[in-house]
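Letter by letter, the sequence shown follows residues 577 to 714 in this note's numbering. Beta carbons are placed, not taken as given, at the ideal position from N, Cα and C, and that holds for glycine. What you are looking at is a predicted structure, and each value in this text was computed from that prediction instead of being measured. Working notes for the structure below.
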Amino acid sequence: MDISKRISKINLHVNSYSFVLNFRYGNFDVMDLLEFADKEGLSGIDINIHYGGGSNLKSKSKQELEAIRLRAKELGLAIDLDVSSTFREDIDEVMTVAKSLGAKRVRLYIRYHGRVSELIRRAIRDLRMAAKLAEANG
């Protein structure tokens, strides 16, 4: 298959980091990100559950999350989530939000400092725990 055919099959998403200042200081939320993705012909959004100050995804009610899920479905957009952590409480939060939104993909970022051997040991431990939680949450 030539490269142009392969490229046309790539699902492109907008990442919330591109709008971090809009989320933090403006009147911008996940619904705006969905509308942007739709307007630009993208396949979905990638959003950190902590973006949005007081209106971030982890602080949304079940009804608000359901409205987001339904709007994404209406627009034919996927929602991928991320959390900049591998701490158990953050993984639990992102899994809860993912389940509410019907998100199929969750990204975790390892944020440790120190010796490489220790980072690798901790990363393996955390990712194993995250895999078990993801499996338990469907």
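Asked, Found
"Whether I625 touches L657 by CB criterion (9 Å)", "yes"
"Short Cβ contact (9 Å threshold) for A679 with A710", "no"
"Enclosing beta strand (DSSP E) for R691 [first to last residue]", "Taken as a continuous stretch (DSSP letters only), R691 belongs to no beta strand (DSSP E), as it is neither H nor E."
"Residue range of the alpha helix (DSSP H) that includes A679", "Counting along the chain, A679 falls outside any alpha helix (DSSP H), and DSSP gives it neither H nor E."
"Pick from L609, K581, K636 that is closest to A648, judged by C-alpha positions", "L609"
"Inter-residue Cα distance where the pair is K615 and S676", "24 Å"
"DSSP-derived helix/strand/coil call for G629", "helix"
"E665 versus S584 - alpha carbon distance", "38 Å"
"Start-end ranges of the alpha helix (DSSP H) lying completely within the segment 584–629, minimum 4 residues", "596–601, 606–615"
"Cβ separation of A525 and T662, assumed to be a contact under 8 Å, to the nearest whole Å", "There is simply no residue 525 to check, as the chain begins at 577 and stops at 714 in what is shown."
"Separation of L633 from L703, as counted between CA atoms", "22 Å"
"Selected residue, minimal CA-CA separation from I586, among Y601, D605, S619, E694", "S619"
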